[in-house]
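Remarks on the structure that follows.
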Amino acid sequence: MTSALNPYEMAVKQLEEVAKLMDLDRGILEILKRPKREIIVHLPVKMDNGEIRVFTGYRVQHNDARGPCKGGIRYHPDVNLDEVRALAMWMTWKTAVMDLPYGGAKGGIRCDPKEMSQGELERLTRRYTYAIREFIGTYIDIPAPDVYTNEQTMAWIMDTYSVLEGRFEPGVVTAKPVAIGGSLGRTEATGLGVMYAAREAVKALGLNPKEVTVAIQGYGNVAYWAAKFAHEWGYKVVAVSDTKGGIYNPDGLDPDKVLEHKRKSPKRSVVDFPGAKNISNEELLELDVTLLIPAAIEGVITEKNAPNINAKIISEGANGPTTPEADKILYEKGVLVIPDILANAGGVTVSYFEWVQALTRDYWTKEQVFRRLEERMVRAFNEVYRLSKEKGVDMRTAAYMIAVSRVAEAMKLRGIWP
Ligand code: NAD
Numbered sequence: 001m002t003s004a005l006n007p008y009e010m011a012v013k014q015l016e017e018v019a020k021l022m023d024l025d026r027g028i029l030e031i032l033k034r035p036k037r038e039i040i041v042h043l044p045v046k047m048d049n050g051e052i053r054v055f056t057g058y059r060v061q062h063n064d065a066r067g068p069c070k071g072g073i074r075y076h077p078d079v080n081l082d083e084v085r086a087l088a089m090w091m092t093w094k095t096a097v098m099d100l101p102y103g104g105a106k107g108g109i110r111c112d113p114k115e116m117s118q119g120e121l122e123r124l125t126r127r128y129t130y131a132i133r134e135f136i137g138t139y140i141d142i143p144a145p146d147v148y149t150n151e152q153t154m155a156w157i158m159d160t161y162s163v164l165e166g167r168f169e170p171g172v173v174t175a176k177p178v179a180i181g182g183s184l185g186r187t188e189a190t191g192l193g194v195m196y197a198a199r200e201a202v203k204a205l206g207l208n209p210k211e212v213t214v215a216i217q218g219y220g221n222v223a224y225w226a227a228k229f230a231h232e233w234g235y236k237v238v239a240v241s242d243t244k245g246g247i248y249n250p251d252g253l254d255p256d257k258v259l260e261h262k263r264k265s266p267k268r269s270v271v272d273f274p275g276a277k278n279i280s281n282e283e284l285l286e287l288d289v290t291l292l293i294p295a296a297i298e299g300v301i302t303e304k305n306a307p308n309i310n311a312k313i314i315s316e317g318a319n320g321p322t323t324p325e326a327d328k329i330l331y332e333k334g335v336l337v338i339p340d341i342l343a344n345a346g347g348v349t350v351s352y353f354e355w356v357q358a359l360t361r362d363y364w365t366k367e368q369v370f371r372r373l374e375e376r377m378v379r380a381f382n383e384v385y386r387l388s389k390e391k392g393v394d395m396r397t398a399a400y401m402i403a404v405s406r407v408a409e410a411m412k413l414r415g416i417w418p
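Going letter by letter, the sequence shown gives residues 1 to 418 in the working numbering.
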């Protein structure tokens, strides 16, 4: 990411650039540059040692013209208002490009969850929920997990909210445990979505599906499921990595065996996997493969390594893995980049399915979830791909154009009131 700009300034700049291309109404642009609502709460929590500590929490609701706000909550020492603002705006575009009936929001608490006990995390989560309860809800704003929050965090939020409301409210959060209304297939959703999008790209470029090779940066939730489905579909996963480094085998890796190795190895890493060569994360990104999936952290494909990228397709599992400078280089090189707001939207899409199931109390099988996810990913990919060809722009610009125009249309139809 451009270091001179903070994430919010960058999000606004992206929006302004797309607005210019689309000739977006100035008034609508002025509204969209700012979040609709920003909530800052100070949360006293009794720690295990009896001390009281006060944490700062945020919830930013960027836009709700197309439906209730939707977005995760992160617990991290670096959380700040501008970061949450940017993430909230990106959620508006992500839900819009997928045509989900939602707006965008994000939340966070500035804390160090690795230093906190389960009891402390539970008290912090319940206090935060209590503090923002008027502003969230099944038809208002629906949180989900993000960095260092999980199913358990969602269960605590749902319980606190339900107790305060005096009724069972499973629709208030998504990515809950299945036992209390979570959806089957949510765990696999993001990695599977990344692969559905990639498979459409393979088709669009007319590549032979039997000859697809895949390199994946990361081996967490998104990366593992992407690897697993790629392998199941007959693609050859030749490299994966984690913080300790990567592994490469041109004959292909078995994703489950790699996972087992990572779990059992003293380093808790994929490195030293039998039969594979250890490589660095930098080398992994430059491998000569059909498909590259960055599924770890942001800012890994930059102007420095973009000229050396050999992949034909990049499907962005992580949020923000490619810098704007790298984007230009890749586009000129003819690399098809499926942008994060489209490629990794499988998670929020199945969150939407979970919400629909919560509203109807009609629970779907995993096969139904996967089929509906596939339909949505295929449709969204092709809409973006067609527009990128029609306008002669990269896929990220096309995805933004679709998203912003959907939100702008909803705002115009609803009008400004009061
Ligand atoms: P995770 O914590 O399960 O996995 C992250 C993986 O990245 C781990 O294997 C870790 O070792 C690796 N990693 C971290 N730093 C690294 C580095 N510097 N170099 C190489 N590898 C590194 O997280 P996840 O849920 O798989 O999420 C991965 C990315 O996908 C994040 O950017 C996240 O925001 C994004 N994302 C996740 C979801 C989801 O549903 N989980 C949805 C949308 C986007």
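For every residue, glycine included, the Cβ atom is placed at its ideal position computed from N, Cα and C.
{"Query": "If I'm right that V147 touches I109 with Cβ under 8 Å, what's the distance once you round it to whole angstroms?", "Result": "Their Cβ separation, rounded to whole angstroms, is 11 Å, which puts V147 and I109 out of contact at 8 Å."}
{"Query": "Between the segment 402-411 and the segment 90-103, are three or more C-beta pairs nearer than 8 Å?", "Result": "yes"}
{"Query": "Does the distance from the CB of V238 to the CB of G218 come in under 8 Å?", "Result": "no"}
{"Query": "Considering just the uninterrupted stretch of the beta strand (DSSP E) at V369, what are its terminal residues?", "Result": "Per DSSP, V369 belongs to no beta strand (DSSP E); it is in the alpha helix (DSSP H), K366 to K391."}
{"Query": "Determine, using beta-carbon pairs with one atom in the segment 222-242 and one in the segment 191-200, whether at least three such pairs fall under 8 Å.", "Result": "yes"}
{"Query": "What residue does the beta strand (DSSP E) around V237 start on, and which one ends it?", "Result": "K236 to D242"}
{"Query": "Counting Cβ pairs, one atom from each stretch, are 3 or more of them under 8 Å apart for the segment 347-357 and the segment 178-190?", "Result": "yes"}
{"Query": "Whose CA, out of D394, E122, G346 and V384, lies closest to the CA of R371?", "Result": "G346"}
{"Query": "Residues bridged to P143 by DSSP?", "Result": "G71"}
{"Query": "Between which two residues does the beta strand (DSSP E) holding L81 run?", "Result": "Taken as a continuous stretch (DSSP letters only), L81 belongs to no beta strand (DSSP E), being part of the alpha helix (DSSP H) at L81 to V97."}
{"Query": "Which residues bound the alpha helix (DSSP H) around N49?", "Result": "Unbroken run through N49: none, as it is neither H nor E."}
{"Query": "Just reading off the beta strand (DSSP E) that G27 is part of, what are its end residues?", "Result": "Unbroken run through G27 is the alpha helix (DSSP H), R26 to K33; no beta strand (DSSP E)."}
{"Query": "With distances taken from each beta carbon to the nearest heavy atom of ligand 1, which residues come in below 6 Å, in chain order?", "Result": "T190, Q217, G218, Y219, G220, N221, V222, A223, S241, D242, T243, N281, A295, A296, I297, G317, A318, N319, N344 and G347"}
{"Query": "Where do the N-terminal and C-terminal ends of the alpha helix (DSSP H) with G347 fall, by residue?", "Result": "G346 to T360"}
{"Query": "Rounded to whole angstroms, what is the Cα-Cα separation between I416 and I293?", "Result": "41 Å"}
{"Query": "For V12, collect the residues of the same chain with a Cβ closer than 6 Å to its Cβ; drop the 5 residues on either side in sequence, then sort them by chain order.", "Result": "K33"}
{"Query": "Which class does A226 belong to by DSSP, given the choice of helix, strand or coil?", "Result": "helix"}
{"Query": "Spell out a yes or no on whether the segment 135-146 and the segment 59-79 are touching, meaning 3 or more CB-CB pairs, one atom from each, closer than 8 Å.", "Result": "yes"}
{"Query": "Could you tell me which of Y248, M89 and V393 sits nearest to G275, measuring between CA atoms?", "Result": "Y248"}
{"Query": "Candidates T290, Q152, N150 and A201: which alpha carbon is nearest T213's?", "Result": "T290"}
{"Query": "L342 and A380 - do their beta-carbons sit closer together than 8 Å?", "Result": "yes"}
{"Query": "With T213 as the anchor, note down where its beta strand (DSSP E) starts and where it stops.", "Result": "T213 to Q217"}
{"Query": "Is it buried or exposed, H261, if we count other Cβ atoms within 10 angstroms and call 16 or more buried?", "Result": "buried"}
{"Query": "What does F55 pair with, by DSSP beta-bridge criteria?", "Result": "L43"}
{"Query": "For L287, count the other beta carbons within 10 Å of its own beta carbon; 16 or more makes it buried, fewer makes it exposed. Which is it?", "Result": "buried"}
{"Query": "Where does E38 fall in DSSP's three states?", "Result": "strand"}
{"Query": "Taking 8 Å as the cut-off, does the segment 64-78 touch the segment 109-118 (at least 3 CB pairs, one atom from each stretch)?", "Result": "yes"}
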